[in-house]
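Chains as they are written, first to last, in this note's numbering: chain R, 1 to 365; chain S, 366 to 730; chain A, 731 to 1095; chain W, 1096 to 1460.
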């Protein structure tokens, strides 16, 4: 089950970077959900590189095709198969990499694991391109979540060491829209663009941090013990290539706080139990509190760089210098914002169904 | 399947803080593994509070009983059921908490989720005490891993803001032994003990960071896409109560680095492909590289504190001040070291079996 | 996950025939279910051999102990661990069987699979005794089902070739009560008892067929494609040792009918859509129709017989004659009736939860 | 996970009868397997109706497209997505069925379960056409099995009450080839063809029984307790529409035998432990014995018949007479032979991988 995510709401990913297509099958989506291919396309376009600073010049329209599970514009309860074709692939640049694995890439380990039979073109199955499948599944999940009032919004909070100030959960969607890097703060955004451009000019790359905020979750979502909401969300988010850290609420900063400061006091707000602060990121004991869920994912710099690096020639068993040509992103963080949303959305749909919070038949528009 | 972890090597946890017992069932352990109850007991003793600075005065021997799956000192391939009795529980202190949920605890969300039917005594199922079950399963997993040359060692790298310097993976086990908080650096250890004592005297609590290092893993471990080694390990580690962040290799710090600095160059070492550095923490593309696997988990301060806090009286729907009495840890991080090892061990056994790296029948001593 | 059954409602079995105990962990049971140990005990007593014709003289009280998941007489949403101790085991008779596998038993294949490390005493993990764990889990499942109006009743419909006439689903529970072999027809019952006694006197054994009827299921239960209700129920029922065939509705007889005879016409009954007949056993397309669900399981004769048989001496690699001593059932079918009910109940709870038909919190008495 | 089958070797089915396509994703296939689209096509052609007696005149080439997971003619370890287009669909005949569910079909229960949002055209997701996806996955599984010496052959053993005599497992493939209904016995085959033709002329349908034999399995395949080989195979085979019974070895006939007759004596054969007979169908305790595995599946008559039947008009809530027009099989059993092989093959690949019997990288031709 390793290429998939989820139990009751489940996506199964397929496709390679330079194969025929990249796609996904989504099982367990409630029937009756009004699903517009245009909504899926919007998320795909957010993932696409067009016009984003520092992103690869590879240009693919990535037009979604929905092949099953839809009838008269609504989901049927049957699995949805969705795919985008691989059009702009240029595999020539990769042939020389087979024997000289790129540092920071999965080339070497994939070759060992699959006995050399893995598709090496463009990183094959280990390319960031497979996240197009995640995004299509995520778009379906987001539509289902929206139907029960759950909204997911991610934004860039750090790139190459440039950190943006905190942003109110309710303002993320609107404020990130103006930024080419999906950052809520205009000044930080400008400095992030600068940092990316600087890295690009050096032939280098930089990483960053994406924060994802979920509003509208009921209290009580999250299965027991080893399927708490942090466990399940982390599993999904770490499935995104280049993610090396995940934290909830104040995360690592909590490890430096006192309990008297980190505990969120319970208060009454409009007749409802609520919390005065949200250091816990909306989660206690692996279960949602009803406060906004807050998650951050750290992305390492994309490993494909034009700077000369040391690697080994596997055939000769000797070290060599390597300079990678081809089209690469200097920073994939802005494109990853919608991917984080997707993984969070898929996981939440699954947990909401498991917990009995999402109906099996939906009738909202 | 939510109370369990793993597919081929699987643990299922049961028991509550103040019920009869805490236990675990381990399925899928290879047959023929020589398993000594004393080895399980050693790990349980590391988790126990006895003599550790700042830990709860609750004293339980936590003597393991292995009820199934063992015959003539070796595993049989059948599920192992192991448990420890709950002896020292004093539930009186908790009765008043039912209507006044403790800030930072799962009391409130558990009450909502389970309609008020959850066992509230000592936090019930949400108590850190259930990790005794994780540790017993972890001891079995560690024995199986040792049999194929895989060694897991965790240590405390931060408490209450006191951070210890890096420690060589191969020296962790020896160097942490002298520290009452399982820290590899003597000076840092002393300052951590001080910080814990300081928090304890204030009736407050502090958190910290545990690092776990795994040596001896073959190259190629980790299933594809959404079951990569980071996804699976994070799922397990986030199942430990109080963990709010997980990172691999340089983790969040990678988000501030350049690709030219974060990529680990491939080199030849003793005729084998290796890496000149290990920023990736032994993982590329969700698959082990053969370098030591490095993971860090951030623990929030334990929420039970003697300092007065604000909460709500659920019956009256009004805010009240609360001071929690009872026996609590000022810092659970030192006790959590073996729990992190356990979750990592369980997850790795599962992935090694899935990948065909661990035999189904073992004959080592 | 192989020792368990179910996804959302899940049981995990442990224990061996002659080990310390036999038990089970049940995860995912809705919170708030009033659960009486006496109800579990009643099902265990039905499985026990006491007083049933042809059953083993091994006498064990099999008194259930519920170790977790229960608080103030109701389920808490936490896993239930339940067990019975092994008291009457006499392992002496089995020591000679290790090198001379009993025909029809799992001795030989278990030895091969587990490298000789499996517990051989009393068949170890392959003994019918592990069904005591199934029955305890089944009792919990039946209580949950009863709470939403679903009733499960199995009965013996054939033993040693003696077949009983059809019995109305609604009369099964009452009519089987008078029969020592849980058969609804008095005359058939008498002849079945006779057949068992005849086999017992010859030192031989006989098999039979158990039918299980489920009333009160809503229309629409059963997940798609490969998790239809027949797939899932068959998986559970084939997990009972000695079951070699499972059929639904008219089952194998349907293969000899015409479509015009086997199709159940839809009719209106009391303003509801219903079926005029029930050849399909209450299932179409893997989904419940609302008619009574009907399943039959074929049990082979228990392989332990006192008649001399041919086997091999594995040490010498030569064929030998073998006569098995010890205490055995001449027919396990009557004792298996409650086991079939248990597996059906566990599976249905899981499917009802998956389909959103069972609440996560129950409040019925 | 309901539209899929398997854990380590897993297929996920998608597509509807009259949608764009029918397809499947196969995860976990070992890398390096030489896979020819022609081999998949051969199995698809066996499922196709062309030229088989009594089969639907719907004519579709069902040309397989393999969209991922293959590189230079070999599997890569990445998921294989395969599909066939739906070309010959004529949905007009089905529109009137929405309010008048066909007896014996899933129309009614699907409508209830999915709130009326299910795709009704051609039975939608409940059409036998989705088995084209099963067959494509099965072809991959069979190729992997062949690589380690496991051969699967199914044949028709009964149609409409006509039963064929036993056939030696080793002769099935050759002997069934001459029969238009895949029956090993020429005379029975002729009578089966006659029975089908007779039913077809009456506008009626008939069912039958398919037997599947697996040779070359090692001893010891089958996971413990609830994942024994019978449980897992039954789950897969009951996923085929119209299957209402599954039995292993002598199956239901075992319930009428004595233990002294049904136990298969162990014997030495060519220096190996073997069995003198095979009443158990190659399985003891849910584990393979090394003898040929024998399974039989009972198919009900296909419910689509031209004979007038009673049903209800759901809109009016009143009973009506119905005569179904359109193209239908009078008997789907001959086409189901390869589908049974597929489900068995998929399940066995999964169990062989779980048991460590199949390598993760294959190098055979």
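Just so you know, even glycine gets a beta-carbon here, dropped at the ideal spot from N, CA and C.
Kindly list the residues whose CB is nearer than 6 Å to the CB of residue i, restricted to its own chain and excluding five residues on each side of it in sequence; keep chain order.
| i | result |
| --- | --- |
| residue 301/R | 205, 206 and 207 |
| residue 1393/W | 1304, 1339 and 1340 |
| residue 408/S | 500, 504 and 703 |
| residue 554/S | 544, 546 and 548 |
| residue 669/S | 689 and 693 |
| residue 1100/W | 1106, 1331 and 1441 |
Distance, Cα to Cα, residue i vs residue j?
| i | j | result |
| --- | --- | --- |
| residue 183/R | residue 16/R | 30 Å |
| residue 625/S | residue 127/R | 19 Å |
| residue 1012/A | residue 1199/W | 11 Å |
| residue 705/S | residue 1047/A | 49 Å |
| residue 116/R | residue 358/R | 44 Å |
| residue 958/A | residue 1334/W | 7 Å |
| residue 1290/W | residue 987/A | 12 Å |
| residue 882/A | residue 892/A | 24 Å |
| residue 1065/A | residue 390/S | 27 Å |
| residue 1092/A | residue 1310/W | 50 Å |
| residue 171/R | residue 75/R | 31 Å |
| residue 1117/W | residue 1224/W | 8 Å |
| residue 39/R | residue 963/A | 39 Å |
| residue 1298/W | residue 1404/W | 12 Å |
Is it buried or exposed for residue i, if we count other Cβ within 10 angstroms and need 16 for buried?
| i | result |
| --- | --- |
| residue 86/R | buried |
| residue 168/R | exposed |
| residue 1417/W | buried |
| residue 908/A | exposed |
| residue 174/R | exposed |
| residue 589/S | buried |
| residue 437/S | exposed |
| residue 1098/W | buried |
| residue 757/A | buried |
Tell me, please, whether the CB atom of residue i is closer than 8 Å to any CB atom in chain W?
| i | result |
| --- | --- |
| residue 1087/A | no |
| residue 637/S | no |
| residue 410/R | This structure gives no information on residue 410/R, because the portion of chain R shown stretches from 1 to 365. |
| residue 25/R | yes |
Anything in chain D within Cβ reach of residue i, meaning under 8 Å, just list it in chain order.
| i | result |
| --- | --- |
| residue 534/S | The structure shown has no chain D; the protein chains it does contain are R, S, A and W. |
Residues in the same chain with beta-carbon distance under 8 Å from residue i, minus the five sequence neighbours each way, listed in chain order, please.
| i | result |
| --- | --- |
| residue 410/S | 427 |
If we define contact as Cβ-Cβ less than 8 Å, is residue i a contact residue for chain S?
| i | result |
| --- | --- |
| residue 1455/W | yes |
| residue 191/R | no |
| residue 1474/W | In the structure as shown, chain W begins at 1096 and stops at 1460. Residue 1474/W is therefore absent and cannot be evaluated. |
Say whether chain R places a C-beta atom closer than 8 Å to the C-beta of residue i.
| i | result |
| --- | --- |
| residue 1166/W | yes |
| residue 1081/A | no |
| residue 948/A | no |
Are the C-beta atoms of residue i and some chain A residue less than 8 Å apart?
| i | result |
| --- | --- |
| residue 439/S | yes |
Original post:
What residues from the region 1123-1144 of chain W come within 8 Å of chain R, judged by C-beta to C-beta, listed N to C?
Top reply: Among the residues of the region 1123-1144 of chain W, those with a Cβ less than 8 Å away from any Cβ of chain R are 1123, 1126 and 1127, in the order of the chain.
**OP:** Closer than 8 Å, Cβ to Cβ, to anything on chain W: give me those residues from the region 646-667 of chain S, in chain order.
**Re:** Of all residues in the region 646-667 of chain S, none has a C-beta nearer than 8 Å to a C-beta of chain W.
Subject >> Positions along the region 859-877 of chain A whose CB lies within less than 9 Å of some CB in chain R >> reply: Here the close residues number zero.
Subject >> Residues, ordered as in the chain, of the region 1171-1183 of chain W that lie near chain S by beta-carbon distance below 9 Å >> reply: Those would be 1172, 1173 and 1174, in chain order.
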